[in-house]
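Q: Residue numbers (my numbering), protein chains in the order written: chain A, 1 to 243; chain B, 244 to 608. Below is a structure I'd like to ask you about.
Rendered as structure tokens:
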């Protein structure tokens, strides 16, 4: 498989703390790449760097062969990289459909008229089983509904690489099952998914490949079974609550 | 399904036509004011329409991006003073065009410089900008041109000013209306709520903010330019009066920002009151304005529009069944059988509020 996103030697330091230390990774269309590691190991910083929320100190990010390292956040969205946030967020006082419409109108999809964008956005919400909540304010939705609105917002910009920051955390068992099938369907339609996750059941079931990070560096990479076994070995020796 | 959809679109078209017709009649009636109203009435209407344009233009920027701008007087003043300075060199309409250009360039530069400033800092900056331009103009006129002000004598009477302002008001409302159903308007709303999300849907936050700031400033500048012929003598302290900025903010939030027509409800009462107060008690007007501001922030966070909307919603609710004469009797009986509470009056209200504001002092042992 040709990889769609290629990250090479990415580095980011906050003062003396090196949050991400020359990390390289690739991901292909339709692949689910897991990113695991203890809290503070640099997973979210790595996502922020790839999405363009912050700029790297060194290294390069190539999207479909094109260098996007210097592109600001909103232009990377148009290069079809999008993300969800660890603490789910969207404009709180806006109806759910407004946020998604903004994604349709400003994302990488075809230019649509305002009204048609509304229909398109309704389609994305429908895909998340949220059509009936389309006109509700975001802050009046339940946690799981908010997570789904956020995903619909990301999908509305037509991403080819999607970064999910703990999108499956904090869900009940049945919600987790629903969430996992959503992630699965994203990969099935050819989106490259990078999944930062602490829920190991999901990582084991969904990921084709897993990268383990610790203290800003990549310490292991491979198929989930092998890596998780290794990771457990690491945990056994070094301690740590959630490898 | 298609039959009902057709029916619906027919009804929608008819409603749109009715609304457009009603608005056209309203504008026509307003346009006829100079021939119907007295000179005093017309002067009052000029003020109303002038502040209406300023307030709606202010809401275009501040209502969407939630950045409170006190630079209204800067742009209003730039418009007015540009006309005053150029009136002897250029035809009147040419001075208007130059004024719009100057206002737009100023807004562009200021917008680009202040992009990264947010919240309270932007408020202070925008206020400082206006004061800085005023001082700069005072310095320039005293030291460079050796004048203390400018005379504007042009054949552009109050009627002309009024009609031009009215046309501008129609334009600014149209801009606001279009903004509410457009891609750009949606982007501004998202920016106002959460800039990170705005970037994450692909919106260029910086460019959008500057663009709406410039549009809003152009309306304000042109208003100032149109008002210049109203006064025969203009000096910088008059043109760049900071009260304009404060009044506009208070009018906008008194009316309510969630509806486009909100400013109408804020501008009319305040203009009438300011006319009354400024003739009767000129020094009390600022105090009154401050009080209005506190009352709104405390009791009417959604402005008069919110009050109206609540009333409207209540009208739509099912009526209570009439209880006849028995009702009041029963109520009175119920009240009589309750223990008596003495009315505590305004002092009581103040006490209650004070108790809510002040944390209780822990007792000494």
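Yeah, the Cβ is synthetic: ideal placement off N, Cα and C, and Gly gets one too.
(1) How far does the beta strand (DSSP E) with residue 36(A) in it extend, from its first residue to its last?
(2) Within this structure, are the beta carbons of residue 498(B) and residue 547(B) separated by less than 8 Å?
(3) If the cut is a Cβ gap below 7 Å, which residues of chain B does residue 101(A) touch?
(4) Just to make sure I have the definition right: I need the residues of chain C whose C-beta is within less than 7 Å of the C-beta of residue 92(A). Which are they?
(5) From this set, 5(A), 80(A), 15(A), 30(A), which residue's C-alpha is nearest residue 191(A)'s C-alpha?
(6) Taking only the alpha-carbon atoms, compute the straight-line gap between residue 607(B) and residue 578(B) and give it to the nearest angstrom.
(7) Exposed or buried, which one is residue 407(B) when buried takes at least 16 other CB atoms within 10 Å?
(8) Contact between the region 9 to 22 of chain A and the region 40 to 55 of chain A: three or more CB pairs below 8 Å?
(9) In the DSSP assignment, what residue or residues form a beta bridge with residue 95(A)?
(10) Under the three-state reduction of DSSP, which class applies to residue 578(B): helix, strand or coil?
(11) By DSSP, does residue 225(A) sit in helix, in strand, or in coil?
(12) Anything in the region 300 to 332 of chain B with a Cβ closer than 8 Å to a Cβ of chain A? List those residues in chain order, please.
(13) May I have the straight-line CA-CA distance separating residue 202(B) from residue 575(B), to the nearest angstrom?
(14) Roughly how many angstroms separate the alpha carbons of residue 151(A) and residue 117(A), rounded to a whole number?
(15) Who pairs with residue 82(A) in a beta bridge, going by DSSP?
(16) Could you list which residues in chain B have their beta carbon closer than 7 Å to that of residue 114(A), in chain order?
(17) Once DSSP output is grouped into helix, strand and coil, what is the label at residue 607(B)?
(18) To which residues of the same chain is residue 311(B) closer than 6 Å at the C-beta, ignoring the five residues directly before and after it?
(19) Run down chain B in chain order and give the residues with a C-beta less than 9 Å from the C-beta of residue 208(A).
(20) Could you name each continuous alpha helix (DSSP H) segment of 4 residues or more that falls completely within the region 470 to 554 of chain B, going from the start of the chain to the end?
(21) Looking only at its chain, what residues have a beta carbon closer than 7 Å to the beta carbon of residue 511(B), apart from the 5 residues adjacent to it on each side?
(22) Using a Cβ-Cβ cut-off of 7 Å (strictly less than) and excluding sequence neighbours within five positions of residue 224(A), which residues of its own chain qualify?
(23) Hey, how far is the Cα of residue 262(B) from the Cα of residue 50(A)?
(24) Grab me the residues of residue 62(A)'s own chain with a C-beta within less than 6 Å of its C-beta, minus the 5 sequence neighbours each way, in chain order.
(25) So residue 157(A) contacts chain B; which residues on that side make the cut at Cβ distance below 7 Å?
(26) Give a yes or no on whether 8 Å exceeds the smallest Cβ distance from residue 107(A) to chain B.
(27) Does residue 166(A) get closer than 8 Å to chain B when you measure Cβ to Cβ?
(28) Could you give the uninterrupted runs of the beta strand (DSSP E) lying entirely in the region 366 to 443 of chain B, keeping only those of 3 residues or more?
(29) Residues of chain B with CB under 9 Å from residue 82(A), in chain order?
(30) Just to confirm the assignment, what range does the beta strand (DSSP E) spanning residue 194(A) have?
(31) How is the alpha helix (DSSP H) around residue 244(A) delimited, first residue to last?
(32) Taking C-beta to C-beta, are residue 212(A) and residue 195(A) nearer than 8 Å?
(33) Distance, Cα to Cα, residue 231(A) vs residue 300(B)?
(34) From the DSSP secondary-structure annotation, give me the bridge partner or partners of residue 14(A).
(35) Does the Cβ of residue 264(B) have 16 or more other Cβ atoms within 10 Å, making it buried, or fewer, making it exposed?
A: Judging by the given coordinates:
(1) Element bounds for residue 36(A): 32 to 36.
(2) Yes.
(3) Below the 7 Å Cβ cutoff, chain B contributes 429 as neighbours of residue 101(A), in chain order.
(4) Although the question refers to chain C, the structure presented lacks it and instead comprises the protein chains A and B.
(5) When each option's Cα is compared against that of residue 191(A), the closest is 30(A).
(6) Low per-residue confidence applies at residue 607(B): pLDDT is 49, beneath 50, and the placement is therefore not dependable enough to give any value.
(7) When all chains shown are included, residue 407(B) counts as buried.
(8) The answer is yes - the region 40 to 55 of chain A touches the region 9 to 22 of chain A, with three or more Cβ pairs under 8 Å.
(9) 137(A).
(10) Reduced to three states, the DSSP call for residue 578(B) is helix.
(11) Residue 225(A) falls in the helix class under three-state DSSP.
(12) Taking 8 Å as the Cβ-Cβ cut-off against chain A, none of the residues of the region 300 to 332 of chain B qualify.
(13) Summary: the structure shown does not reach residue 202(B), with chain B confined to residues 244 through 608, and so no result is reported for it.
(14) In a straight line, the C-alpha of residue 151(A) is about 17 Å away from that of residue 117(A).
(15) For residue 82(A), which the question treats as bridged, DSSP gives the partners 162(A).
(16) Per Cβ cutoff of 7 Å: 424, 425, 426.
(17) Note that residue 607(B) has pLDDT 49, beneath the 50 cutoff, so the model's placement of it is unreliable and the number below is only indicative. In the structure shown, residue 607(B) falls within a coil segment according to DSSP collapsed to helix, strand and coil.
(18) Answer for residue 311(B): 305, 366, listed in chain order.
(19) Residues of chain B passing the Cβ test: none, with the nearest at roughly 26 Å.
(20) DSSP runs (the alpha helix (DSSP H)) wholly in the region 470 to 554 of chain B: 479 to 482, 486 to 498, 505 to 523, 528 to 542.
(21) Cβ contact annotation for residue 511(B) (same chain, cutoff 7 Å, sequence separation greater than five): 291, in chain order.
(22) Result list for residue 224(A): 34, 203, 204, 207, 210, in chain order.
(23) When rounded, the distance between both Cα atoms is 50 Å.
(24) If we look at residue 62(A) and ignore the five residues flanking it on each side, its Cβ neighbours are 6.
(25) Under the 7 Å cutoff, chain B gives 444, 445.
(26) At a cut-off of 8 Å, the C-beta of residue 107(A) has a neighbouring C-beta in chain B.
(27) At least 8 Å separates the CB of residue 166(A) from every CB of chain B.
(28) Annotation: the region 366 to 443 of chain B contains no complete segment of the beta strand (DSSP E) (minimum length 3 residues).
(29) The answer, in chain order, is 443, 444, 445.
(30) Unbroken beta strand (DSSP E) run through residue 194(A): 192 to 196.
(31) Only positions 1 to 243 of chain A appear in the structure, and residue 244(A) is not among them; the question remains open.
(32) It is not a contact, given that the beta carbons lie outside the stated cut-off.
(33) Cα to Cα, the separation comes out at about 60 Å.
(34) The partner list for residue 14(A) (beta bridge, DSSP) reads 17(A).
(35) Residue 264(B) comes out exposed.
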